[in-house]
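The structure appears below as structure tokens.
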Amino acid sequence: MYIGDTGKRGLHHLVFEVIDNSIDEALAGFCNKIVVTIHKDNSISVLDNGRGIPVDIHKEEKIPALEVVMTILHAGGKFDKGSYKVSGGLHGVGVSVVNALSEWLTAEIYRDNKIYTQSYKRGIATTKVIEKGKIRKRGTLIRFLADEEIFKTIQWEYDILEHRMRELAFLNKNLEVILRDERDNNEQRFYYKGGVAEFVKYLDESRQSIIGKPIYFEKEIESVPMEVALQYNISYSDNIFTFVNNINTVEGGSHLVGFKTAVTRTLNNYAQKNKLFKKDNFTLSGEDVREGLTAVLSIKVAEPQFEGQTKTKLGNSEIKGYVDSFVTEGLSEFLEQHPAEGKKIIEKCLNAARSRDAARKARELTRRKSALDVGNLPGKLSDCSTKDPSLCELYIVEGDSAGGSAKQGRDRKYQAILPIRGKILNVEKARIDKVLTNNEIRTIITATGTGFGEDEFNIEKLRYNKIIIMTDADVDGSHIMTLLLTFFYRYMPTLIEEGHVYIAQPPLYRVYSGKKSFYAYDEDERDILVKRFEKEGRQKIDVQRYKGLGEMNPDQLWSTTMNPETRTLIKIGVEDASHADKTFSMLMGEDVEPRRNFIQKNAKYVRNLDI
Ligand code: 0RA
0 MYIGDTGKRG
10 LHHLVFEVID
20 NSIDEALAGF
30 CNKIVVTIHK
40 DNSISVLDNG
50 RGIPVDIHKE
60 EKIPALEVVM
70 TILHAGGKFD
80 KGSYKVSGGL
90 HGVGVSVVNA
100 LSEWLTAEIY
110 RDNKIYTQSY
120 KRGIATTKVI
130 EKGKIRKRGT
140 LIRFLADEEI
150 FKTIQWEYDI
160 LEHRMRELAF
170 LNKNLEVILR
180 DERDNNEQRF
190 YYKGGVAEFV
200 KYLDESRQSI
210 IGKPIYFEKE
220 IESVPMEVAL
230 QYNISYSDNI
240 FTFVNNINTV
250 EGGSHLVGFK
260 TAVTRTLNNY
270 AQKNKLFKKD
280 NFTLSGEDVR
290 EGLTAVLSIK
300 VAEPQFEGQT
310 KTKLGNSEIK
320 GYVDSFVTEG
330 LSEFLEQHPA
340 EGKKIIEKCL
350 NAARSRDAAR
360 KARELTRRKS
370 ALDVGNLPGK
380 LSDCSTKDPS
390 LCELYIVEGD
400 SAGGSAKQGR
410 DRKYQAILPI
420 RGKILNVEKA
430 RIDKVLTNNE
440 IRTIITATGT
450 GFGEDEFNIE
460 KLRYNKIIIM
470 TDADVDGSHI
480 MTLLLTFFYR
490 YMPTLIEEGH
500 VYIAQPPLYR
510 VYSGKKSFYA
520 YDEDERDILV
530 KRFEKEGRQK
540 IDVQRYKGLG
550 EMNPDQLWST
560 TMNPETRTLI
570 KIGVEDASHA
580 DKTFSMLMGE
590 DVEPRRNFIQ
600 KNAKYVRNLD
610 I
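Position 459, counted from 1, in the sequence shown is what numbering that gives the first Met the number 0 calls 458; the numbers after and before it change by one each time, with no gaps.
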């Protein structure tokens, strides 16, 4: 049984589990609409127009099937609900688990022109299955209130639900998904006739494509339905997302291997056949053909084997060949029919190959100079004295003056300070060879000790357990923050995935009166502190607003932002790579409009910005 945790993530898994059951019904071809409603009392409901959970008496348990599904662990699997049941470690625990973790839950079933209902408290039935009236439609409605004694929070986050609902609508092209929020009377409808092609278009919204609309094809081989969309854009990174039974296979697996093999081979064959290479014996590498590629591959597998640390790696070996021949066939056909696009794609790949060559030379050069070698630590780095990485922290600090305060204020035993000056390079717009010649970036790579690039990066060599970004709480500061996060996300993603990257939270205000002084991290806190002083009857109350870290003296910086006993750090996680990716390309990319919208929408929340 896996719900994950009792925090925000675990809470949202509850509703995803319920939705998965409706999705199974959709995959079996009996349901094409799902409505998720967040109610004012923090309960949430999922309504589908499927066949309705059966209510007849279960042969073995001698109680209605509905009650079996709702109250007996793992009962879900006993029903043959359709061939592509979601399974694996993430979902598929069964709705009885959701029931057990809910203060209350009610199920309403529309079947045989009747309404049936049953209620539960903390997983135990409090009523029988009751017939409640007549109805013409079919379906299932599940509504529950998560148990506050189990979950730290039971507040639903619209954005998390929105993201998964949209994803499900992209992945199931005939499915209409509606998300309602009764807390603010908001409603969104997700319905994409184009399926994963529209998914790719959405992911690349703020990137410039080189071939117009995405290449799309679908096919079923050996009862494995497959669907893929690909698009090339002018950026230098690749974004390939793979799904098995609607589960994001973050760790990849046999389907991804089949996809990559097919793309590389097909493009090489095509270019050779059409004499698009200057030299006859030239070959494009996998990296070359993936530069600027955005793709979504979605397949349905009857008995998926999920492996890997987070059970998001597809293990079924037969799938590699199916995906390979599917993609080879579809992509070859596209190229034959669209020679102009084919030529553009090959040109793009050749450019990538050239630049990779340049990067290799740049890297060799830097290696010779040992610039990325730890033995040659940058002069600006004030290292800590402890050598045990698990205890060490690296503060990357904006500006020399704040760097100076941090250096004096720190605990030099385990805190290292690396001041960086000005804006670092926008890695979203630069190629790898240019990224590597940028001084600030080289300094950061050297300081971390891990090396760089697919072959050399080694997390074992990481010199600090925590890498903490500390910038001013102003526009420049948040820009530098975003640039740094983009850099880590694009070029050293393991650091983020393994939870080594943090954001420091310096206070925005100091509220003081006489000798008493307190720090406030936002406007609300500031107002509360002022009110408290007023209640104490103090006459002279002052508020200092910190515009930059440099305004704090070393002691203040230590006690507010660096002292592990009192500081607040935000740990950066990649909740969802596609979301982060989209956000970064939007924040850092060419288009101004979506960026402006994002900043306006998030300005208030920017202090809690989590990718
Ligand atoms: C078992 C059998 C049948 C449908 C379902 C389960 C079912 C479960 C859920 C959960 C949420 N929505 C659902 N919709 C259907 C098929 C019964 C039949 O043959 O009519």
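Virtual Cβ for every residue (Gly too), placed ideally from N, Cα, C.
If only complete runs of 3 or more residues are kept, the stretch 120-166 shows the beta strand (DSSP E) at 129-133 and 138-145, in order along the chain.
For D387, the Cβ stays outside the 7 Å cut-off from all heavy atoms of ligand 1. Just so you know, the alpha carbons of D111 and N185 end up roughly 33 Å apart. Considered as a whole, the stretch 492-549 harbours 492-496 and 522-534 as its complete alpha helix (DSSP H) runs of no fewer than 4 residues, in chain order. Taking the C-beta atoms as reference points, H162 is found nearer than 8 Å to H578. Within the DSSP secondary-structure output, R179 pairs in a beta bridge with T36 and E186. Of the residues R411, V97 and A228, the one whose Cα lies closest to the Cα of C391 is R411. A straight line joining the alpha-carbon of Q207 with that of K200 spans about 11 Å. With fewer than three CB-CB distances shorter than 8 Å, the stretch 235-246 does not count as touching the stretch 212-220. No heavy atom of ligand 1 is found nearer than 7 Å to the CB of T265. At a Cβ-Cβ threshold of 8 Å, G49 and G132 do not count as neighbours. For ligand 1, no non-hydrogen atom lies closer than 7 Å to the CB of I43. In the structure shown, the three-state DSSP call for Q117 is strand.
DSSP places V54 in the coil class of the three-state scheme, outside both helix and strand. Within the stretch 377-449, the complete beta strand (DSSP E) segments of 3 residues or longer fall at 392-397 and 414-419, listed in chain order. When D580, E156 and L296 are compared, the shortest CA-CA separation from P224 is found for L296.
Contact between N437 and M587 is absent: CB atoms are separated by about 15 Å, not below the 8 Å threshold. Counting along the chain, F198 sits inside the alpha helix (DSSP H) bounded by residues V195 to L202.
Set against 7 Å, the gap from the CB of G6 to the closest heavy atom of ligand 1 is not smaller.
In the DSSP assignment, T241 forms a beta bridge with L296. Our two residues, V322 and E204, have alpha carbons roughly 26 Å apart in a direct line. In this structure, K120 and W103 form a Cβ contact; the two beta carbons are roughly 5 Å apart against a cut-off of 8 Å.
Under the three-pair Cβ rule at 8 Å, the stretch 166-185 counts as touching the stretch 14-25.
By the 16-neighbour rule on beta-carbons within 10 angstroms, V474 is exposed.
Under the DSSP definition of a beta bridge, P63 partners with I56. Fully contained in the stretch 263-350 are the following beta strand (DSSP E) runs of length 3 or more, in chain order: 292-298. With respect to the 8 Å criterion, D47 and K61 are not classified as neighbours on the basis of their beta carbons. Not one heavy atom of ligand 1 is found less than 7 Å from the C-beta of T481. Set against 7 Å, the gap from the CB of R509 to the closest heavy atom of ligand 1 is not smaller.
In the three-state scheme derived from DSSP, where H, G and I count as helix and E and B as strand, Q230 is classed as strand. D4: not part of any alpha helix (DSSP H); DSSP gives it neither H nor E. If you ignore the 5 residues before and after K342, its C-beta comes within less than 7 Å of the C-beta of L275, all in its own chain and listed in chain order. Look at K172 here: in three-state DSSP terms it is coil, with no helix or strand label. Counting only the Cα atoms, N41 lies some 15 Å from G9.
The beta-carbon separation of N464 and H499, rounded to 7 Å, stays under the 8 Å limit for a contact. Taking L380 as reference, the option from G448, I37, G536 and L313 with the minimal CA-CA separation is G448.
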